[in-house]
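Undergrad: I have a structure I would like to understand better, so I am pasting it below and will then ask my questions one at a time.
Numbering (our numbering), first residue to last: 5 to 117.
And the structure:
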């Protein structure tokens with residue numbers, strides 16, 4: 005399961021648990037490869053296997069298991085896409101949950117006094 009507030013996403017692949025860490029390196033690599041976070045989320049929503057593999061590899065960092073592609077495929081993109089999308093959202097917000105950031109700033113909502 006995933007907790008956006010902790011800044012990381014846990015993913016189970018082939019019986020092993022992996023932690024996707026939102027780093028600047030992961031953010032830059034994925035933006036360069038997919039043009040934008042929005043475009044990447046669109047691909048994940050369309051269950052694009054290469055995009056899912058890219059996100060997983062970037063989140064795990066090095067060294068990623070040699071059979072990572074097969075593990076992502078076996079897990080099923082439909083099953084892991086929600087976690088991968090959450091991870092991309094964290095990357096797009098500098099490694100933080102957008103909700104947590106808004107809660108940290110009093111008066112950040114339109115009707116806050």
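Glycine included, every Cβ here is placed at the ideal spot set by N, Cα and C.
Source: prediction; values computed, not measured.
In terms of residues, what are the limits of the alpha helix (DSSP H) holding residue 30?
TA: Counting along the chain, the alpha helix (DSSP H) containing residue 30 begins and ends at 28-38.
Undergrad: For the region 22-96, which segments carrying the beta strand (DSSP E) assignment without a break, of at least 3 residues, lie completely within its bounds, in sequence order?
TA: Complete beta strand (DSSP E) runs here, min 3: none at all.
Undergrad: For the ligand MG, is there a heavy atom less than 7 Å away from the beta-carbon of residue 52?
TA: In the structure shown, the ligand MG is absent, as is every other ligand, since no ligand is present at all.
Undergrad: Just curious, the beta strand (DSSP E) that residue 14 is in, first and last residue?
TA: Note, residue 14: beta strand (DSSP E), 12-17.
Undergrad: Who are the near neighbours of residue 74 in its chain, counting only those whose CB is closer than 6 Å to its CB and skipping five residues on each side?
TA: Taken in chain order, the list of residues that qualify is empty.
Undergrad: How big is the Cα-Cα spacing for residue 39 and residue 19?
TA: Approximately 32 Å between the Cα atoms of the pair.
Undergrad: Quick check on residue 63: buried or exposed, where buried means 16 or more other Cβ atoms within 10 Å of its Cβ?
TA: With 16 or more other Cβ atoms within 10 Å, it is buried.
Undergrad: Express the C-alpha separation of residue 45 and residue 8 in angstroms, rounding to a whole number.
TA: In this prediction, residue 8 scores a pLDDT of 42, lower than 50, which makes its location untrustworthy; no coordinate-derived value is stated.
Undergrad: Short check: CB of residue 65 to CB of residue 25, under 8 Å?
TA: Cβ atoms of residue 65 and residue 25: closer than 8 Å.
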